[in-house]
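Chemist: Under full-length UniProt numbering, read the sequence shown as residues 1 to 332, first letter to last.
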Amino acid sequence: MRAAPAQTLKDSVVSVCEKHDDISSSVSEAGVLSGDASTSIILPKDQLSVLTPVVGPTLDLHITRIAVTPPKPGEVVVRIAWTGLCGSDPSFCVGPQPGFASHNHIAGHEGIGHVVASHDRSLLNKPVAARYLTYSCQECEYCLRGLPESCPRQLAFPKDLNGTFQHYITVPQHSVIQLPDYVFARDSRINPGVYAAALCSGSAALKALRAAQLRPQAVTVVFGIAGSIGHLVGLMAKHIYGARVIGVDVESKARDRMVKDGGVCDRFLPAPGNPEQEKAFQQSILKLCEDLRGHKNVLIGADSAIICANRASGYNNLTSYVCDGAAIIIVG
Ligand SMILES: [Zn+2]
Ligand SMILES: [Zn+2]
């Protein structure tokens with residue numbers, strides 16, 4: 001990306017040289033802006049964004065040039081290096097929904113990058129992330145039940161703060177979370193963009209697995225295995241928890257090799273296409289559980305069912321697929 005024409009920051013703002021297209025090569029040139037402004041301590045005057053000018057009933061995204069806002073005290077400017085595109089983002093751009101901007105809305109809530117301007121020198125160059133939930137009260141009934149995502153006093157990207165579909169976000173410094181340095185390590189073999197997925201679908205998948213209290217060798221059925229959350233649930237269940245995974249989804253979605261070749265599930269079962277197929281589907285689930293455990297096990301059905309499907313039919317007959325004492329986890 002080419003840097004846009006520069007704009008001088010006000011004095012006392014600490015900023016990062018913005019001469020290079022590659023953030024990793026520019027973050028070492030931080031400094032403090034004093035009265036005699038230097039061209040090496042600047043932010044671009046404007047930037048590209050993906051913006052909805054008027055939020056209405058249909059998706060209306062425009063690539064639009066907008067201003068880069070210098071930070072006030074307590075704020076940081078983060079240059080977004082990578083942002084995920086979540087399935088929720090299109091829905092955030094229509095409405096407008098309660099609490100969301102009705103004009104000039106910018107979506108995106110899986111962004112990672114570096115602090116490039118701040119009044120607080122200690123924050124400069126820090127790798128940070130912008131994810132959906134930035135604040136929850138920790139006092140209300142939802143927070144106390146471990147559901148901060150439902151807190152009525154929450155602050156979130158891209159509801160209360162414009163999101164990460166822009167190159168520079170100017171936001172309260174407490175609204176971003178610090179990342180470990182290895183995310184952007186030059187010698188890493190992992191593309192930093194992979195970590196963006198951990199901010200939304202990855203964390204939802206991990207929370208579901210923790211709620212299911214999965215044990216090694218346990219059998220779990222993941223409904224919606226071909227979706228963005230479902231396939232991460234399957235991957236982590238298999239490769240981190242050591243569980244056995246039965247993946248369920250509509251067959252047309254599961255043509256993806258990730259599902260078919262066993263990477264995200266041990267067995268794949270097409271979801272029933274109509275109510276008449278549900279009995280046979282249930283028997284197939286129970287048979288697969290038996291096969292995966294070995295025939296001498298007394299348990300009938302899976303140890304857990306994790307539902308990541310977005311179709312109502314994915315919620316039918318759930319108790320008939322699991323054993324006594326099983327966990328049924330609904331994600332989303
Ligand atoms: Zn999301
Ligand atoms: Zn709360």
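Note that the Cβ used here is the ideal one computed from N, Cα and C, for glycine as well.
Would VAL331 pass as a contact of GLN173 if the rule is Cβ separation under 7 angstroms?
Modeler: Reading the sequence shown from its first residue, position 331 is the one you call residue 331. Reading the sequence shown from its first residue, position 173 is the one you call residue 173. For VAL331 and GLN173, no; Cβs fall outside 7 angstroms.
Chemist: Does any residue of chain C have a CB that is nearer than 7 angstroms to the CB of VAL219?
Modeler: Any reference to chain C falls outside this structure, which holds one protein chain only.
Chemist: If you draw a straight line from the alpha carbon of SER188 to that of SER284, how long is it in whole angstroms?
Modeler: The count along the sequence shown starts at 1 and reaches residue 188 at position 188. The count along the sequence shown starts at 1 and reaches residue 284 at position 284. Roughly 43 angstroms separates the two Cα atoms.
Chemist: Do residue 398 and ILE329 have their CB atoms nearer than 7 angstroms?
Modeler: Only positions 1 to 332 of the chain appear in the structure, and residue 398 is not among them; the question remains open.
Chemist: Verify the contact flag: CYS151, CB atom, against every heavy atom of ligand 1, threshold strictly below 6 angstroms.
Modeler: For the purposes of this step, residue 151 is taken as residue 151 along the sequence shown, with counting starting at 1. No - ligand 1 has no heavy atom lying nearer than 6 angstroms to the Cβ of CYS151.
Chemist: By Cβ distance, which residues of its chain are closer than 7 angstroms to ASN316, with the 5 residues on each side in sequence left out?
Modeler: Numbered from its first residue, the sequence shown carries residue 316 at position 316. Contacts found: GLU278.
Chemist: When the Cα atoms are used, what is the spatial distance from VAL68 to ALA196?
Modeler: Position 68 of the sequence shown, counted from the start, is the residue given in the question as residue 68. Position 196 of the sequence shown, counted from the start, is the residue given in the question as residue 196. Taken atom to atom, the span from the alpha-carbon of VAL68 to that of ALA196 is near 23 angstroms.
Chemist: Can you tell me which of the three DSSP states CYS323 falls into?
Modeler: Numbered from its first residue, the sequence shown carries residue 323 at position 323. CYS323 falls in the strand class under three-state DSSP.
Chemist: Just curious, the alpha helix (DSSP H) that ASP291 is in, first and last residue?
Modeler: Locating residue 291 in the sequence shown gives position 291, where the first residue counts as 1. Segment 278–293, the alpha helix (DSSP H) holding ASP291.
Chemist: Is any heavy atom of ligand 4 found at a distance shorter than 6 angstroms from the C-beta of CYS137?
Modeler: Because ligand 4 does not appear in the structure shown, any question about it cannot be addressed here, the ligands present being ligand 1 and ligand 2.
Chemist: Where does GLY246 land, buried or exposed, given buried means 16+ other C-beta within 10 angstroms?
Modeler: Counting from 1 along the sequence shown, the entry for residue 246 is found at position 246. Reading off the sequence, residue 246 comes out as Ile, not Gly. So ILE246 ends up on the buried side.
Chemist: Once the 5 residues before and after SER25 are set aside, which same chain residues still bring their CB inside 8 angstroms of it?
Modeler: Residue 25 sits at position 25 when you count from the first residue of the sequence shown. Only weak support is given to the placement of SER25: the predicted model assigns it a pLDDT of 33, under 50, and the value that follows is read from those uncertain coordinates. Excluding sequence neighbours, SER25 sits near nothing in its chain.
Chemist: Exposed or buried, what is ALA312 when buried is set at 16 or more other beta-carbons lying within 10 Å of its beta-carbon?
Modeler: For the purposes of this step, residue 312 is identified with residue 312 of the sequence shown, where counting begins at 1. Counting Cβ neighbours within 10 Å, ALA312 comes out exposed, since fewer than 16 surround it.
Chemist: Would you call the region 51–65 in contact with the region 105–114, where contact means no fewer than 3 C-beta pairs closer than 8 angstroms?
Modeler: yes
Chemist: Please go through the UniProt domain "Alcohol dehydrogenase-like N-terminal" (72–181) and give each complete beta strand (DSSP E) segment of 3 or more residues, from N-terminal end onward.
Modeler: Note on the UniProt domain "Alcohol dehydrogenase-like N-terminal" (72–181): whole beta strand (DSSP E) runs with a minimum of 3 residues are 75–83, 103–106, 110–118, 127–131, 133–135, 168–172, in chain order.
Chemist: By the 10 Å Cβ neighbour count, where 16 or more other Cβ atoms means buried, how is SER150 classified, buried or exposed?
Modeler: The residue labelled residue 150 in the question sits at position 150 within the sequence shown. Exposed: under 16 other Cβ atoms inside 10 Å.
Chemist: Cβ of SER88 within 6 angstroms of any heavy atom in ligand 1?
Modeler: In the sequence shown, the residue the question calls residue 88 occupies position 88. The answer is yes for SER88.
Chemist: Does the Cβ of VAL298 have 16 or more other Cβ atoms within 10 Å, making it buried, or fewer, making it exposed?
Modeler: Counting from one through the sequence shown, the residue named residue 298 turns up at place 298. VAL298 should be labelled exposed.
Chemist: In chain order, what residues of the same chain have a beta carbon less than 7 angstroms from the beta carbon of PRO152, not counting five sequence neighbours either side?
Modeler: In the sequence shown, counting from the first residue as 1, residue 152 sits at position 152. Taken in chain order, the residues that qualify are CYS140.
Chemist: If you draw a straight line from the alpha carbon of residue 341 to that of GLN47, how long is it in whole angstroms?
Modeler: Beyond the ends of the chain as shown, which are 1 and 332, falls residue 341; an answer cannot be given.
Chemist: LEU199 and GLU110 - do their beta-carbons sit closer together than 7 angstroms?
Modeler: Residue numbering aside, residue 110 sits at position 110 when the sequence shown is read from its first letter. Residue numbering aside, residue 199 sits at position 199 when the sequence shown is read from its first letter. Yes; because the gap between Cβ atoms is below 7 angstroms, this pair is in contact.
Chemist: For TYR321, which residues in the same chain have their Cβ closer than 8 angstroms to its Cβ, ignoring the five residues on either side in sequence?
Modeler: Numbered from its first residue, the sequence shown carries residue 321 at position 321. Cβ within range, chain order: VAL221, GLN282, ILE285, LEU286, GLY301, ALA302, ALA305.
Chemist: Please classify GLN166 as buried or exposed, where buried requires at least 16 other C-beta atoms within 10 Å of its C-beta.
Modeler: Start at 1 with the first residue of the sequence shown, and residue 166 comes out as number 166. Under this definition GLN166 is a buried residue.
Chemist: State yes or no: is the C-beta of ILE80 within less than 7 angstroms of the C-beta of THR164?
Modeler: The residue given as residue 80 occupies position 80 in the sequence shown. The residue given as residue 164 occupies position 164 in the sequence shown. Closer than 7 angstroms, so yes.
Chemist: Restricting to runs no shorter than 3 residues, where is the beta strand (DSSP E) found entirely within the region 173–239?
Modeler: 219–223
Chemist: I need the DSSP call for LEU318, collapsed to helix, strand or coil.
Modeler: Here residue 318 refers to the residue found at position 318 when the sequence shown is read from its first residue. In the structure shown, LEU318 sits in a helix (DSSP, three-state: H, G or I).
Chemist: Cβ-heavy atom distance between CYS323 and ligand 2 below 6 angstroms?
Modeler: Locating residue 323 in the sequence shown gives position 323, where the first residue counts as 1. In this structure, CYS323 has its CB at a distance of at least 6 angstroms from all heavy atoms of ligand 2.
Chemist: Suppose you measure from the CA of GLY242 to the CA of ARG215; what does that come to, to the nearest Å?
Modeler: Start at 1 with the first residue of the sequence shown, and residue 242 comes out as number 242. Start at 1 with the first residue of the sequence shown, and residue 215 comes out as number 215. Rounded to the nearest whole angstrom, the C-alpha separation of GLY242 and ARG215 is 7 angstroms.
Chemist: Suppose you measure from the CA of ALA156 to the CA of VAL176; what does that come to, to the nearest Å?
Modeler: The residue given as residue 156 occupies position 156 in the sequence shown. The residue given as residue 176 occupies position 176 in the sequence shown. Cα to Cα, ALA156 sits roughly 10 angstroms from VAL176.
Chemist: Is the Cβ-Cβ distance between ILE229 and ALA212 less than 7 angstroms?
Modeler: For the purposes of this step, residue 229 is identified with residue 229 of the sequence shown, where counting begins at 1. For the purposes of this step, residue 212 is identified with residue 212 of the sequence shown, where counting begins at 1. Result no, Cβ atoms of ILE229 and ALA212 do not sit closer than 7 angstroms.
Chemist: Let's see if you can read the secondary structure: which residues bound the beta strand (DSSP E) around LEU61?
Modeler: Residue mapping note: residue 61 aligns to position 61 of the sequence shown, counting from 1. Taken as a continuous stretch (DSSP letters only), LEU61 belongs to no beta strand (DSSP E), as it is neither H nor E.
Chemist: Leaving out five residues on either side along the sequence, give the residues of the same chain with a beta carbon under 7 angstroms from the beta carbon of ILE63.
Modeler: In the sequence shown, the residue the question calls residue 63 occupies position 63. Same-chain partners within the cutoff: LEU48, VAL50.
Chemist: Going by DSSP, name the residue or residues bridged to LEU269.
Modeler: For this step, residue 269 is matched to residue 269 along the sequence shown. Per DSSP, VAL248.
Chemist: Tell me which residue opens and which closes the beta strand (DSSP E) that PRO275 is part of.
Modeler: Taking the first residue of the sequence shown as position 1, residue 275 is located at position 275. Segment: none, PRO275 is in no beta strand (DSSP E) and carries neither H nor E.
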